[in-house]
Each structure stands twice: as C-alpha cells, then as structure tokens.
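Start counting the sequence shown at 11; every next residue gets the next number (the numbering used here). Cβ atoms here follow ideal geometry from the backbone N, Cα and C, with glycine treated the same way. Before any comments, here is the structure.
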Amino acid sequence: MTPAPIHIAGERLMLDPAGVLVWPARKLLVVADLHLEKGSAFAATGRLLPPYDSRETLQRLALALRRWRPARIVALGDSFHDAAGAARLPPAEATALARMLGGAELVWVLGNHDPVAPDGLPGAAVEELAEPPFVFRHEARPGRIPPGEISGHFHPKATMPTRCGGVTRPCFLADAWRVMLPAFGAYTGGLSVTDPALAGLFPRGARAFLLGQERLFSLPLAPSRARVA
Numbered sequence: 011m012t013p014a015p016i017h018i019a020g021e022r023l024m025l026d027p028a029g030v031l032v033w034p035a036r037k038l039l040v041v042a043d044l045h046l047e048k049g050s051a052f053a054a055t056g057r058l059l060p061p062y063d064s065r066e067t068l069q070r071l072a073l074a075l076r077r078w079r080p081a082r083i084v085a086l087g088d089s090f091h092d093a094a095g096a097a098r099l100p101p102a103e104a105t106a107l108a109r110m111l112g113g114a115e116l117v118w119v120l121g122n123h124d125p126v127a128p129d130g131l132p133g134a135a136v137e138e139l140a141e142p143p144f145v146f147r148h149e150a151r152p153g154r155i156p157p158g159e160i161s162g163h164f165h166p167k168a169t170m171p172t173r174c175g176g177v178t179r180p181c182f183l184a185d186a187w188r189v190m191l192p193a194f195g196a197y198t199g200g201l202s203v204t205d206p207a208l209a210g211l212f213p214r215g216a217r218a219f220l221l222g223q224e225r226l227f228s229l230p231l232a233p234s235r236a237r238v239a
C-alpha cells in the first residue's frame, strides 16, 4: 500500500489506504470507529447480520499493525458498538486483539457508543488524549481551533467522478487545522462530506483522501457559500 503524507502543526502524518493514520515521529497509529460487535448488538434486537464483523475488522487492523509496527495505538472512540460490546467479544477475538498488540500501548478514547472503558481488555481509557501538538478526540469541535485536532465519529465518505460514473468511498478529511478519519469497522456506513454536519466543520474547504485498494485518491473540496455561512 502507498500512504499519503500530510503536514499539520509542523508534523508529518501518514494516511494509510487501509484507513489508519500514523505519526511516524512518535511511532503512533490511530484508528477510528471500529464498532466491534455491531452484529451481535443488532442480533439482540432481532436484526440478524452475519456475526463475523469483529473478526474481519480485527484481521484488517492486524495487517495495518504489522505494516507499521507502532509503539502506541490510539482508538478514537466507538471502538465497540455499545457499552456492553466488550463483554460480548468472542474469546478468540479478544485473544487475537491482545496478541496483535505485540507490546504496543493501547489507548481507548471514549465515544458516544462506548462511553465506558472496555472491561477485561488491555489499554487505558480516556475522554481525549493530548499529545502536543495534537489532541485526539472522538468528535471534532466546531469553530476555528488551534491546529492539531484528530478525530473520527462522522464516518466521512466522498464521491469521485469517473468516466463510468461517481465512485463513493470512505475517506480521510483534512484541512490545515484538523484531520478526520474514516470509520474502520466492517459494518460501518458513512456520511457524505457535503452533509452540513461535516461541511460546517470545514468552512474553508478541505481535501478528501478516498480509500483505494492500494492507494488514496485525493479530491479537493472547495469552500462553498453553504460552508462559509
């Protein structure tokens, strides 16, 4: 895979086509919105989905960890689909998660779906993580903030025009102030970058980096009257 470098707050970050962000200078890898055990949460309400979402999500995460070998891993919230998700994680997946860490430090940033620390799993849970010049939080804060916010929550996706029609893919979303990660989980949907909830966070435009199989596809998002208002 070919990652894309970006520079924010004087630091070089790498956007990986798998959907993770890496801060090489600190050997730190960031992932957002795993939504582990979403399938079992749906099954409890009678909406049956194949119960393999956690396995697939963790297998893809393991590949990214082997590629980058980080010393620290930050999960940006909604790592589990609900507060009881960690308790429902099958023993094989829980064991695989502990094994794939390979001695790396894991930080769980709490999200709206998982507002409590995952019980029985390695790692420390925090509301947000300050690692100057960056702050890692689940949901971006509106307004002009100091450069260095890294977040998830919105599951951004963008549509790129092609000769065969538009292609819609999950994406990173970045400007000079903040980076928003795509959702990593197998059963996660997406919110269009043109939605007011996202456009309002990037009023001066941004750049979307659509996830491809081996590379990212960059798409500029120009400021619009709706965004600037």
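Since I believe residue j is in contact with residue i (beta carbons under 8 Å), could you give me their beta-carbon distance rounded to a whole number of angstroms?
| i | j | result |
| --- | --- | --- |
| Phe-90 | Glu-47 | 6 Å |
| Ala-135 | Leu-111 | Actually they do not touch by this definition, with Cβ atoms about 15 Å apart. |
| Tyr-197 | Leu-59 | 7 Å |
| Glu-224 | Pro-27 | 6 Å |
| Gly-87 | His-163 | 7 Å |
Determine the direct distance from the alpha carbon of residue j to that of residue i, and round the result to whole angstroms.
| i | j | result |
| --- | --- | --- |
| Met-259 | Val-84 | The displayed coordinates of the chain run from 11 to 239. Any statement about residue 259 would go beyond what the structure contains. |
| Cys-181 | Ala-97 | 30 Å |
| Gly-20 | Met-11 | 25 Å |
| Gly-61 | Gly-49 | The residue you asked about is not Gly; residue 61 is Pro in the sequence shown. Answer to the nearest angstrom: the Cα atoms are 5 Å apart. |
| Arg-36 | Ala-81 | 8 Å |
| Phe-219 | Glu-115 | 28 Å |
| Ala-186 | Arg-76 | 30 Å |
| Thr-105 | Asp-63 | 16 Å |
| Pro-230 | Gly-130 | 43 Å |
| Gly-102 | Pro-132 | What sits at residue 102 in the sequence shown is Ala, not Gly. Using only the alpha carbons, I get a separation of about 15 Å. |
| Ile-18 | Gly-195 | 26 Å |
| Met-170 | Leu-226 | 12 Å |
| Ser-228 | Ala-51 | 35 Å |
| Leu-221 | His-165 | 12 Å |
| Ala-232 | Glu-66 | 35 Å |
| Gly-29 | Ala-93 | 24 Å |
| Cys-174 | Arg-109 | 43 Å |
| Trp-78 | Val-32 | 8 Å |
| Gly-215 | Val-203 | 10 Å |
| Pro-100 | Ile-16 | 37 Å |
| Leu-201 | Gly-153 | 20 Å |
| Trp-118 | Leu-44 | 11 Å |
| Ile-155 | Gly-113 | 34 Å |
| Lys-167 | Arg-179 | 5 Å |
| Ala-184 | Glu-141 | 19 Å |
| Leu-208 | Val-177 | 19 Å |
Which residues does DSSP pair with residue i in a beta bridge?
| i | result |
| --- | --- |
| Arg-22 | His-17 |
| Ser-202 | Lys-167 |
| Thr-178 | Thr-169 |
| Ile-83 | Leu-39 and Leu-116 |
| Val-189 | Ile-160 and Ala-184 |
| Ala-218 | Leu-183 and Leu-229 |
| Trp-33 | Leu-38 |
| Glu-141 | Phe-144 |
| Phe-90 | Leu-46 |
| Val-136 | Val-119 |
- Three or more beta-carbon pairs under 8 Å between the stretch 134–147 and the stretch 66–75, yes or no? Judged by Cβ distances under 8 Å, the stretch 134–147 makes no contact with the stretch 66–75, as fewer than three pairs qualify.
- Task: For the stretch 31–42 and the stretch 173–192, state whether three or more C-beta atom pairs, one from each stretch, are separated by less than 8 Å.
- Result: Contact holds: three or more Cβ-Cβ distances are below 8 Å.
- Task: Would you check if there are 3 or more beta carbon pairs closer than 8 Å linking the stretch 152–161 to the stretch 122–136?
- Result: No: the two stretches stay apart, fewer than three of their Cβ pairs being nearer than 8 Å.
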